[in-house]
Structures are given as C-alpha cells and as structure tokens.
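Chemist:
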Amino acid sequence: MTDASVCPDCGAALQVSPNGDYCPACYLSVGLEGMDAPPEDTLDEIAERPGDTIDRFELLEKIGEGGFGVVFKARQQTPVRRTLALKIIKPGMDSREVVARFEAERQALALMDHPHIAKVHDAGTTTYGRPFFAMELVEGLPLTTFCDQHGLSIRQRLELFTKICGGVQHAHQKGIIHRDLKPSNILVHMDENEAPCPKIIDFGVAKAIGIELTEQTFFTLFGRLVGTPEYMSPEQAELNALDVDTRSDIYSLGVVLYELLTGCVPLRRDQLVKGGFDDMRRRIREQEPLKPSSGFSSLPDAERTKIAGYRHTDSARLGKRLRGDLDWIVMKAIEKNRGRRYDTAQGLGLEIGRSLEGLPVHAGPPSASYRLGKFIRRNRVAVIAAVFTLTALIAGIIATSTAYRAQRLANREILVERAKAERLSGVSGWLGISLKAIEDASKTRIDEDLRNEALACLAGTDMEAAGEGFSIHSPLAPLAFDPGHRLCALARTGGRIEILALPDHQQVAEVTSSLPLDYCRMSLCGKESRYLVVASRTGPEARLEVIDWRNNRVILHATPVSEHAFDLLPEQQGLVVGRPDGSIDFLSWDGTPLRPPLPAMGQPTSISHRPGARQVAIGLTTDGSPRMTIIDYESGTTVADHLGFDTSRLAWSPSGRFLAMGDRDGALAIFEPGVDKPVHRLAGHLAEIKQITWSRDGRLLASASSDWEIRLWDGRHGSLLSTNKARAGNFSFSDDGTHLGPVAWEEKLFTLRIRHSKVCHRAIGHPGGDGISAAAWDVHAGPRGAFSLSLATAGGDTVTLWNRDGMELTRFHDLSRPAGLAFSSSWFYTAGEEGIRRRQWSLRPDAEGRLTMHFGPSERFTRLRDCGQLALTPDGSLLVASSRSGIWLAPTDGSEPAKLEDGAPMARLSIDSEGRWLATGSTTDIGVRIWNLPEGKLETELPAPGAATVAFSPVLEGDAPQVLLSTGDSFSYRFWDVLDDWNELPEHEIENHMADIPGRMVFSPRGTAFAISHERDELKVLNPRGAPMEVLTQPNFDKQWPLAISRDGILIGTEGRDGRLFIWDLMAVRGEFKQLGIDWTTMRDFDKANIPLVSRAVVED
C-alpha cells in the first residue's frame, strides 16, 4: 500500500468517495464533534481575542469553535446590558459558500421564536469585514450529559424530550430542517423555575424548504454527506440533499431518544468505522438496529449497571421499562422507510405523552408481513427456492386454518376498538353500541384487555332519546316541562299554548298568550306548577306575562323584561325580573312588588337566584362592557364581580355553591364565589349558550347551544359525559336525575334518558392541593359479617363523609390539614398537626324515615401532637398513631398512651385482622418492622430499600389458610407469610413501576381483592388467592390510586386525577360482566347483601 492511500492523521486506509480520498475513521470522529469541525486552530490564528470590542459587544472568552466560525461569550453594552454568544466567521473561511452557510444559519435562527431554540438578537460585520451574529447564550450541558449528571429518571427524560420535539416542530413549521440533531446540539440548563429547559443550537447545516434563507448563492451539492453519521437518516446517506425532508429530523430525534433511554446509539461507532465509506453508508441505509431494550441488554454488565444508576433504577428494571411502548415508539421514529416514521415532531411528542399518561400508543411492533417483505428483499434467491419447495406441501392446511383464526382475532380487535371509539366519542347512545361490541368480541376470546374496556364503558354515563317521541308541528316550537316532569307546555300557532300531561302527552288545558310565541321562553312554576311564565320580544323590547293556566287567566300582563332575564324566587313566591332600564324587580305572581328594586347597574341579560341566600347573579352590559355580578339584595353589597363575560345564561347549583355561566360565544364555565378564576372551563360549544340546568343532587350539568347541541357534564369534575344533537326547550332534570327534557328533533318532542353507571360512583373529592391524604370506611356488624355505610376522606383542611353512592353527607373542620382517619363501631378519629380528635357516632332514622348518621361533639383524644396515619385494632380498644415524635399506642378507654421504642417518625401503619400484629413502614430507609400487640414489643424486621408502605391481608382460606403481609417500596410489592415465621414468598412479588414512589396498596377485608398502584398511576385489582396473583382488571380511563376497601369487600375507594374520588362497586361489576359473558372465573363470590343507603348526616358542634 502506498503512502498516498494511507490517512496522514491516523494511519488508516483511505477510501474512494464522492468527496475524494477519504478516511472513514476521521470522518466519523469529525461527525461526532460537528460536521464542520476544523483542524486544530490556535487562538493566534483568530483575529479577535477576549477583551476586544465588536460593534456594541465586548468579547469575554472563547467558548466554542466550529468548521467556519468561532463563538465568544460577549457582553452587550447598549441599548441593554446583557450577556450573549457572538459567532464570527474565522479568518480565511469567508468563501462565498461559507458566508452563505453562515448567513443561512443566522436567518434560520431569526425566523424562529420558540423557548427551546436559541434566539438571534443582532448581526453585523467586524472591522475586518467578516460577518457575525449575536444570539442567546445557552449556558447548559449537552442533553445526555445533563440527564446523567442530574440523575433524571426515564419519566423525566421523556418529559424533557417532548419539549425538544416542540422546538423541532416549530422549526419545521418555519420551513427549516436541522439535519444535524444530536445531544451536543441540544443544550439543557435550569430555567428560572429550576426546571430543565432544552435549547436547540447549531443550525449551520440546516436546510430550508419552500423559503429562501439568503440572497447569497448557496447550493447543497450532490454527493456531499451532511450530518453526523451516528444520527444520520438513511436518506441523508444517499448523498442526495434535495431528497431530504422533515422526516430526516424525526429519524435523528429517534436516535437521540434511543441514546437518552439506553445510554447507547442504534449504530455504534465501532460498527461504522470497521468498513469503508460506502460500507458506512450501506449500514446507515440498511442495517436494522436492535430495539432499545435489546440494545441495552447487549451491553456489558458493568455498563448496564452504570447506565441504570444514572436513571435511578437497576439494570433489570430498566430493561423491562424499555420493553413495550418505548421500544415501539423509538423503532417507529428510526424506521429506514421514512414513510413509516412519525409524520411530524409534534406527533412523536404526543405519542410520548400518550405513553406517559398510560394511553394506548399508535406505534406497535412491525407486522409479520412487513418483516417478511424486508427479509425477502435481502434474501430473494434463497426465499424463492424455499417457497417453491414448501408451498405444495403446506399451503392448503396453513392458509385455511391461519386465515380463519386471524380473521376471528382481527374482527375481535375491531370490535374492541369500536367499543373504545364509541366511548371516547361521547355521542348519544354510545354505551349500548360499545357494550354490544364487547359482547360480540367475547365470543372469540376473553382477556384482561376486553374486561378493562368493558369496565371503562360501564363506568361512563350516556344520554339517549327515550321512546319514539311525540309529534309536534315544528322542531322550533317552544317547550317547557314543570320541575317534576309531570306537565309539558307546548306552543302552537295563533298564540295557543297546550298543557300536556306526561308521560302520555294528553292535553289537559289550552291557554292563549298575547305575546308572539315563535322564539319565546316558557316556564311552568309556582305551587303545583299552576303558573305559566312566557317571555318574548315584541318590537324593540321584550315582555313577560304570567298565566294561571288552570283558570286560563292572565294575572301579570306584558310587563317589560330585559331579554330573558328572569328567575324564580325562593319558596315559589314569585319572580325576580331584570328591566330594560337596568333595575331589578322582585314581584309576586300578579306583579305586586315584594321589596324595593335594585338600582340600575347596566343592561341585564340573565338572572339566577342563589339557593339558600338572598343573592342574585346578574349578567349585564355596562357602557358596552359585559360582566357578571353577584348582589346581596338585603344589604345591597356586591359579593363578586367578573368582567368580560358576555353572559347569555346563568344557573346556580342546587347547593348554591357553584354558578354555571354560559356566554354568547359558546364559552361555559363554573365559578365559585370568592374564587377569582373559574373552577372549571367546559369547552366544546361553538355557538351561544341557550340553556343551562343542574340535576337536583348537583352531580350533573346540562347545557344547550343555539346550534342544536346538548352536552352533559359531570357537575363536580367538569368532564364531558355525553352529547346529543337536538334543540333544547326550557329543559330540566327529573327529580331522580334519570331524564332530561324537553328536547325536539325532526318535529318530535323527546325526553333524554340518562344512563348512570352502576359500577362507578364519582365524587368531587378534594381538588387542588395534595389531593386525598387519608381515607377510612366505617364499620357495622351484620348477620353476614361486617359492612360499611360511609367513607371518610381527608384533604386540605377538610374531612368529608360520603355515602356508598358517592354523595357528600357532611364535612368536618375539626383539624387543619388532617392526615389520619379511623372508624370504630362507635367512634370516629381524626389526626393532624394539632393532635387527635374524636366524635361518637350512631345510626338512626330521622323524622322522615331517612337513614341518618349522627355525630356528637368533637373532643380531644390524648395529648399527642403532629400526628399522621392512624390504625385501630378490630375490637376498637387500641388506637395506633404515627407522629413526628414516633409511634404511639393509645388505649381508647383514655389511658395514657405508650411510645414504641425506636419507632420511626410518621410511619405507615397496618394491623392484622385479629389485632395481634402491627406492621410499620418508615418514610426513610429503616425498613419494615413487626411489633406484637398490645405489648408493643419488636418481633422482627423485614428488609425494604428506602420508604415502604404496609398492608395485612385477612385470613385467606384455601388448602392451607394463609395471612399475607405486603410491603411496597419503590421497586416492588413483596409478600411475607405471617403464619410461617414471616418467610418471604418470592413467587408473589409484583414489580412497581412508579419510579421513586412507594406503591399504595390495600387488601379487601373479605379477601375478595387486592388493589395496588402501578405503572403510570394505573390501578390494578388482583385476586389475592394464588401465586402469582391474577390481574382482575385495570381501569384505564383515569389516573387511579387505591384508598380503602369497604368492610364488606364490595366497594373500592380510589383517588383519581386532581383529588377526585371514585367508588367502584365490585358486586355491580360482576353482575354486568355476567350479562356480557365475561365474568371473572377465579374471584370469590360475594355474599348477597342488602346494605341500606345513608341519605344524610347530622353533626353537633
């Protein structure tokens, strides 16, 4: 080999390439540092030095150097003082092409304005005539270096990566392709909120699409390789720069994500440099990379351990974490065929978001046909020979059986996906369609995914037309029901109004109104709904009249009203009416004033009287500016004032706590007086809100807009439940909340039936703050064992009591920031910073026969302070309290509490079902300790890395009775046999994928279920009998954390997103599953229960 064929720098063999004789090893080394990295230049060869001034910029220090430019840290003096980065073309590098590339980079950066792309501030030329530009100084670290040095977990790395995707998407929207995305071109620093903030830099080889970046002549030549080989897309390796589009950056992002997760890249350096230049290009174009999980597993043990440590986990758990969604997402991004990649960077970011939220991702393993096609293209001759040999032998058998099975499975998947699509659509009638699809799918195969989708559907609420409807002359005819849904007012032609009896729509009366009825608003109200209120526009202003329809007599004649601004007064006394002159009148049914009017504040557009208070909410316009104000009409004071809301409808919740406001643009929001911002913004309506109404219990809210869309909302969470296309009359809910009407469609009058969930009861829980901090079911003794009637939850500064249907019964404010709760058969205990308080309670019917819980006055229990979790022995004789000072055993007879020796502060607690053992889990790294009761002597210690939670099972009957203790740490749920000297049961172990959070868990007191928190805040319900435990279901439509299971084992209380409370009825789930043919076969049957429902609570001060 001659000297001419040897690289003078490294001694490796040169290869012939379109760029001339070329050393692939040096090329890759250059590419890893930046495509344009120059030979070693000294500072003496650069004209500018620290201390020099260029234009308004003082050079502080050299911070970087590329192929054609040098970067200085500089201080701008005027017009503002700031530190930034100054990039200058190096001496001797100012050829036309380099200047054009330099100008292209500046203009590319100038086009973009995004928090995750470095910004350009200024540009000019030096005294030597060489161009420079000043840009944002990013004092950060390369992406992978930052993540490793800060020990970011996989979740944190993914969340950071989605921000990078946003920056790349912005560049693509501006017509810029980066073409050299890699960790060193993505710097990360801490922003003002101490959160990681990525910045994309170095657009020196960026390509513009559809725009002109510079007036300089700048051609990207055919045959020139642009980018960094390890991160280069296959199309970049084709040496045809004109055929590179935004999907090239998607590929590079995929490689960056691969490295971010695994610590290695798909095509490693040693693989690329061992062949020539053409071999390197071939590998980039053709070599199929290992999946991230496989690539990580292929690393040496020591390397895997080090990489996992940077991610706060161990190598086994990291490998498992990568399998599934993350493998699929990365492999879709780095597909060789760009048509199979994500279309946009935003799409890649959203896909990662779906994975983080526990939602299904679009990516998946390559289909068999796709893999087969790629294999055939690589091995065409051998495959053809094999096919001809084998086809005659097995084609007939395989074709028939495989096609049949594949078709059945494909049809099943289609049915499950249809059930999910209908559920997510919320379109009226979705529930019946979804359940029919699930029932049909169950005939092919029943598995966990099918049950999960069925449970998600059964937990929803649907709204659909009830019956065939009643014919009316026009779909625009004004309609109104009375509050009890016993009567309907129907406007006919000629000023006639029919009063119909429901549900058979028989006419019971006909009255005549003097007002035009085409677009009027009607209400049936007063005692026995005897009054018909009609409001309608007559010329320049609106008028209102009241008709005693039973006597066909107008008792209030055409009094002026502003638009439809009127509402009922409490106890059916009369009306509150907004006048055209802006005043607010309070009238009896015949128009007699009941009190002095409120003075004019503006033009009223809507009015709603607040239940339980002498206050009215008024939507009005003052000097052309819309606002909503709440007035106490006794004192004349303003309770609240919200500007800028052009109110068309107002409606108070039955409790008077919340106010729903709809405006003329379709905006809908729920406000709470005293809170500046809306509690919920309900998006979806695209036209003026015409109607708003609440159900009697405040759980549901219905709204209707002028484009004939009706939406049903959860009145506590603000989430959309269902939609229906129909025109709403002056609608309302029936007393039991099962019907909504009237509505009209195609000249028919309908009532909408509300199909409530039987398996899941939702409650508002404890929104805001830290959510729910503690939960406890009460306990009653029954002939078939213990059962529960109510659930207490703590959050913020409140303890709330709920019945089995999730209805709020009462609130306790005995302590600020309560952290522990416990029920005995006669006492209710609450713990917090001020100590422990308790109330005696009992159950009895009230005067109306309603089952009522009575709570006596709050009293102090023990002198302990700064208390957390509580646990009570089954007989209620001993209360265990964790506190900052340790763990205390407090006899409930009032005896002095005793402190456990060496008990961890603020420990997690669990007592077994016989009251013999106390398990404590520390919040640090002390491990789990077992104490005997009531003595409180330490029995044994169990290992647990870091913080741990604890839970005892009841006695699990079987071939041999068993009692389990479960301990949950940030790695796994482990199980110990209480009756076998606390031996560990490794076959029961369940991995915990909650990162650094010890998992929450709870056993059913009847042994019917074991609920745990799992990956991505998922709730898993398992059968505690058997090893490994069988997963019964995973509700997959909301974040879920287990709280407590009722004493009868039927109800599971869980915490959802933003502190929401869910109560799952396992008995109802089984009943629905049986009807669908998908019942659990291994779950223990429930005892038949007829548990009464508590309807109210009385609390003594």
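Heads up, the final residue of the sequence shown is numbered 1101 in the UniProt record's numbering, and it's a clean run with no missing numbers. Glycine is no exception: its CB is placed at the ideal position from the N, C-alpha and C atoms.
1) Which value, in whole angstroms, describes the spacing of the CA atoms of Val983 and Trp976?
2) Does DSSP put Leu815 in a helix, a strand or coil?
3) Does any CB atom of chain D fall closer than 7 Å to the CB of Gln76?
4) So what does Trp917 bridge to, in DSSP terms?
5) Where does Ala316 sit, in a helix, a strand or coil, going by DSSP?
6) Within 10 angstroms of its Cβ, does Gly467 collect 16 or more other Cβ (buried), or is it exposed?
7) Suppose you measure from the CA of Ile352 to the CA of Glu65; what does that come to, to the nearest Å?
8) Indicate the three-state DSSP secondary structure (helix, strand or coil) for Gly531 in the structure shown.
9) Hey, which unbroken runs of the beta strand (DSSP E) at 3 residues or more fall wholly within the stretch 787 to 861?
10) Just the C-alpha distance for Gly574 and Thr621, rounded to the nearest angstrom, thanks.
11) When burial is assigned at 16 or more other CB atoms within 10 Å of the CB, is Glu178 buried or exposed?
12) Taking 6 Å as the cut-off, does the CB of Glu848 come closer than this to any heavy atom belonging to the ligand NAD?
13) Tell me the DSSP secondary structure of Met1067 in three-state form.
14) If we call anything under 7 Å between Cβ atoms a contact, is Pro289 one with Pro266?
15) With a Cβ-Cβ cutoff of 7 Å, do Phe88 and Phe102 count as a contact?
16) Rounding to the nearest angstrom, what Cα-Cα distance links Gly999 and Asn992 in this structure?
17) Considering only the beta carbon of each residue, do Val554 and Val533 sit closer than 7 Å?
18) Measuring straight from C-alpha to C-alpha, what distance separates Thr228 and Asp245?
19) Note the first and the last residue of the continuous beta strand (DSSP E) segment covering Glu498.
20) Less than 7 Å between the beta carbons of Leu348 and Cys165, yes or no?
21) For Leu356 versus Leu158, is the C-beta distance shorter than 7 Å?
22) Quick check on the DSSP output: the beta strand (DSSP E) that includes Thr452 runs from which residue to which?
23) Nearest by alpha-carbon distance to Thr559: which of Asp581, Ile1063, Glu417, Leu1093 is it?
24) CB Pro475 to CB Arg727, shorter than 7 Å?
25) Along the chain, where does the beta strand (DSSP E) that runs through Val759 open and close?
26) Measure the Cβ-Cβ separation of Leu60 and Phe132 and say whether it is below 7 Å.
27) Can you tell me where the alpha helix (DSSP H) with Asp327 in it begins and where it stops?
28) By DSSP's criteria, Gln962 is part of a beta bridge. Which residues make up the other side?
29) For the putative contact between Ala890 and Thr862, defined by C-beta atoms under 8 Å, what is the C-beta separation to the nearest angstrom?
30) Secondary structure at Cys26, three-state DSSP: helix, strand or coil?
31) Once you ignore the five residues that flank Leu1066 on each side, which residues in its own chain have a CB closer than 6 Å to its CB?
32) Look up Leu1093 in the DSSP assignment and say whether it is helix, strand or coil.
33) Does the stretch 438 to 452 come into contact with the stretch 712 to 732, if we say contact requires no fewer than three beta-carbon pairs (one atom in each stretch) closer than 8 Å?
34) Where does Asp736 land, buried or exposed, given buried means 16+ other C-beta within 10 angstroms?
35) Whose C-beta lies closer than 6 Å to the C-beta of Val1099 among residues of the same chain, with five residues either side of it excluded?
36) Which partner residues does Thr622 have in the DSSP bridge list?
Modeler: Result, derived from the coordinates:
1) One-based indexing of the sequence shown puts residue 983 at position 983. One-based indexing of the sequence shown puts residue 976 at position 976. Checking the displayed sequence, the identity of residue 983 turns out to be Asn instead of Val. Straight-line Cα distance between these residues: approximately 5 Å.
2) In the sequence shown, counting from the first residue as 1, residue 815 sits at position 815. If DSSP states are grouped into helix, strand and coil, Leu815 belongs with coil.
3) The structure shown contains no chain D; it is built from a single protein chain.
4) Position 917 of the sequence shown, counted from the start, is the residue given in the question as residue 917. Note: Trp917 sits in a beta bridge opposite Asn932.
5) Here residue 316 is taken as the residue at index 316 of the sequence shown, counted from 1. Reduced to three states, the DSSP call for Ala316 is helix.
6) Along the sequence shown, one-based indexing puts residue 467 at 467. So Gly467 ends up on the exposed side.
7) On the sequence shown, residue 352 is found 352 positions in, with the first residue counted as 1. On the sequence shown, residue 65 is found 65 positions in, with the first residue counted as 1. For Ile352 and Glu65, the distance between alpha carbons rounds to 35 Å.
8) Residue numbering aside, residue 531 sits at position 531 when the sequence shown is read from its first letter. Checking the displayed sequence, the identity of residue 531 turns out to be Tyr instead of Gly. The answer is strand: DSSP assigns Tyr531 an E or B state.
9) 790 to 795, 798 to 803, 808 to 812, 820 to 823, 827 to 832, 835 to 845, 851 to 855
10) One-based indexing of the sequence shown puts residue 574 at position 574. One-based indexing of the sequence shown puts residue 621 at position 621. Each residue's Cα considered, the two are about 25 Å apart.
11) Here residue 178 corresponds to residue number 178 of the sequence shown, with the count starting at 1. Before going further, note that residue 178 is His rather than Glu in the sequence given. His178 comes out buried.
12) The ligand NAD is not part of the structure shown, which contains no ligands of any sort.
13) For the purposes of this step, residue 1067 is identified with residue 1067 of the sequence shown, where counting begins at 1. Of the three classes helix, strand and coil, the one that applies to Met1067 here is helix, per DSSP.
14) Along the sequence shown, one-based indexing puts residue 289 at 289. Along the sequence shown, one-based indexing puts residue 266 at 266. Yes, they are a contact pair.
15) Along the sequence shown, one-based indexing puts residue 88 at 88. Along the sequence shown, one-based indexing puts residue 102 at 102. A quick correction: the sequence has Ile, not Phe, at residue 88. Not a contact, by the Cβ cut-off of 7 Å.
16) Looking up residue 999 in the sequence shown gives position 999. Looking up residue 992 in the sequence shown gives position 992. Taking the straight line from one Cα to the other gives about 7 Å.
17) Taking the sequence shown and counting its residues from 1, the one referred to as residue 554 is at position 554. Taking the sequence shown and counting its residues from 1, the one referred to as residue 533 is at position 533. Not a contact, by the Cβ cut-off of 7 Å.
18) As a position in the sequence shown, residue 228 is number 228, starting the count at 1. As a position in the sequence shown, residue 245 is number 245, starting the count at 1. Distance between the alpha carbons of Thr228 and Asp245 is about 16 Å.
19) By 1-based counting over the sequence shown, the position of residue 498 is 498. Counting along the chain, the beta strand (DSSP E) containing Glu498 begins and ends at 496 to 501.
20) The residue labelled residue 348 in the question sits at position 348 within the sequence shown. The residue labelled residue 165 in the question sits at position 165 within the sequence shown. Yes, these two residues count as a Cβ contact at 7 Å.
21) Position 356 of the sequence shown, counted from the first residue, corresponds to residue 356. Position 158 of the sequence shown, counted from the first residue, corresponds to residue 158. A contact, by the Cβ cut-off of 7 Å.
22) Stepping through the sequence shown from its first residue, residue 452 is reached at position 452. Looking at the sequence provided, one finds Asn at residue 452 rather than Thr. Careful: Asn452 lies outside any beta strand (DSSP E), inside the alpha helix (DSSP H) at 448 to 458.
23) In the sequence shown, residue 559 corresponds to position 559, counting from 1. Checking every option, the nearest Cα to that of Thr559 belongs to Asp581.
24) Your numbering for residue 475 matches position 475 in the sequence shown. Your numbering for residue 727 matches position 727 in the sequence shown. A contact, by the Cβ cut-off of 7 Å.
25) Sequence index remark: in the sequence shown, residue 759 carries index 759 (1-based). Careful: Val759 lies outside any beta strand (DSSP E) and carries neither H nor E.
26) Position 60 of the sequence shown holds residue 60. Position 132 of the sequence shown holds residue 132. The answer is no: Cβ separation not under 7 Å.
27) Along the sequence shown, read from residue 1 onward, the residue named residue 327 stands at position 327. Segment 325 to 333, the alpha helix (DSSP H) holding Asp327.
28) The residue given as residue 962 occupies position 962 in the sequence shown. Beta-bridge pairing links Gln962 to Leu956.
29) Residue 890 sits at position 890 when you count from the first residue of the sequence shown. Residue 862 sits at position 862 when you count from the first residue of the sequence shown. At roughly 5 Å, the Cβ-Cβ gap stays under 8 Å, so Ala890 and Thr862 are in contact.
30) Counting from one through the sequence shown, the residue named residue 26 turns up at place 26. Confidence in Cys26 is poor, its pLDDT being 46 and thus under 50, which makes the residue's placement unreliable; the coordinate value appears in the next sentence. Note: Cys26 maps to helix in three-state DSSP.
31) Taking the first residue of the sequence shown as position 1, residue 1066 is located at position 1066. Within the same chain, Leu1066 has close Cβ partners Ile1050.
32) Within the sequence shown, numbered from 1, the residue matching residue 1093 stands at position 1093. Reduced to three states, the DSSP call for Leu1093 is coil.
33) no
34) Here residue 736 is taken as the residue at index 736 of the sequence shown, counted from 1. Asp736 should be labelled exposed.
35) Counted from its first residue, the sequence shown places residue 1099 at position 1099. Here the set comprises Thr810, Phe855.
36) Reading the sequence shown from its first residue, position 622 is the one you call residue 622. Answer is Ser625.
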